[in-house]
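Be aware that the sequence shown starts at 1131, since it is given in our numbering, and climbs by one per residue. Beta carbons: idealized from backbone N, C-alpha and C, even for Gly. Since this is a predicted model, take the numbers as computed values, not measurements. First the structure, in the form of structure tokens, and then the observations on it.
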Amino acid sequence: MALERRSVVSVILLLVSVTLIAAGQLFMRRGMIGFGQIDSFAAFVNLVWSGLASPATIAYVWAGMIVYAAAVMVWLQVLSRMALSLAFPMMSLSYVLVYVGAAFWPELDETISMYRIAGTALIMLGVALVAQSRSN
């Protein structure tokens, strides 16, 4: 019973980490849409300086980095509980969550296409196959 409970906790932690990674990506993308394209080192310095001098100017970027940091903390707990060869492929679920989240967040202006849906379905199939390997 203790092994089953630990396994459930591990899966929950893994899903939390995946969700936080996806949320961090979505927030950072939203923030960068507001900031603009970085096409030079000077533009990157401007991003960093803006973020330090007036954090509200890139609030979504900051939120994304904070959420990403939380994901890393949860991920370390996952790594202490699960084999890397099982846990890491599950991170591919973040691609699915990012695609779905970006498609439904109007400000991100992402395109939904059959090719992207098919690719997302293949990722989910791959994750299912890796998850099945756990019991074999």
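Rounded C-alpha distance that separates residue i from residue j
{"i": "A1251", "j": "P1219", "result": "15 angstroms"}
{"i": "V1141", "j": "I1151", "result": "15 angstroms"}
{"i": "S1243", "j": "V1204", "result": "32 angstroms"}
{"i": "V1148", "j": "M1221", "result": "6 angstroms"}
{"i": "V1202", "j": "G1166", "result": "27 angstroms"}
{"i": "D1239", "j": "A1232", "result": "8 angstroms"}
{"i": "I1168", "j": "V1175", "result": "9 angstroms"}
{"i": "L1214", "j": "A1248", "result": "27 angstroms"}
{"i": "V1257", "j": "M1212", "result": "15 angstroms"}
{"i": "V1138", "j": "A1193", "result": "29 angstroms"}
{"i": "L1145", "j": "V1230", "result": "16 angstroms"}
{"i": "Y1190", "j": "L1255", "result": "32 angstroms"}
{"i": "S1210", "j": "L1143", "result": "11 angstroms"}
{"i": "F1234", "j": "S1180", "result": "28 angstroms"}
{"i": "T1241", "j": "L1206", "result": "33 angstroms"}
{"i": "S1330", "j": "I1188", "result": "Since the first residue of the chain shown is 1131 and the last is 1266, residue 1330 is not available in this structure."}
Burial state of residue i (16 or more Cβ within 10 Å)
{"i": "G1154", "result": "buried"}
{"i": "G1164", "result": "exposed"}
{"i": "V1178", "result": "exposed"}
Same chain only: Cβ atoms within 7 angstroms of residue i, ignoring 5 sequence neighbours per side
{"i": "E1237", "result": "R1160, I1163"}
{"i": "I1253", "result": "S1222, Y1225, V1226"}
{"i": "V1208", "result": "S1140, L1143, L1144, S1147, A1217"}
{"i": "R1246", "result": "Y1229"}
Residues near residue i by beta carbon distance below 8 angstroms, same chain, minus five either side
{"i": "A1173", "result": "G1166, Q1167"}
query: Pairing CB atoms from the region 1222–1233 with CB atoms from the region 1176–1184, are three or more of them under 8 angstroms?
result: no
The region 1158–1175 / the region 1192–1199 touching (three or more Cβ pairs under 8 angstroms): yes
- request: Please go through the region 1153–1191 and give each complete alpha helix (DSSP H) segment of 4 or more residues, from N-terminal end onward.
  value: 1171–1183
field: Ranges of the alpha helix (DSSP H) found wholly within the region 1207–1251, counting only runs of at least 4
entry: 1214–1220, 1223–1234
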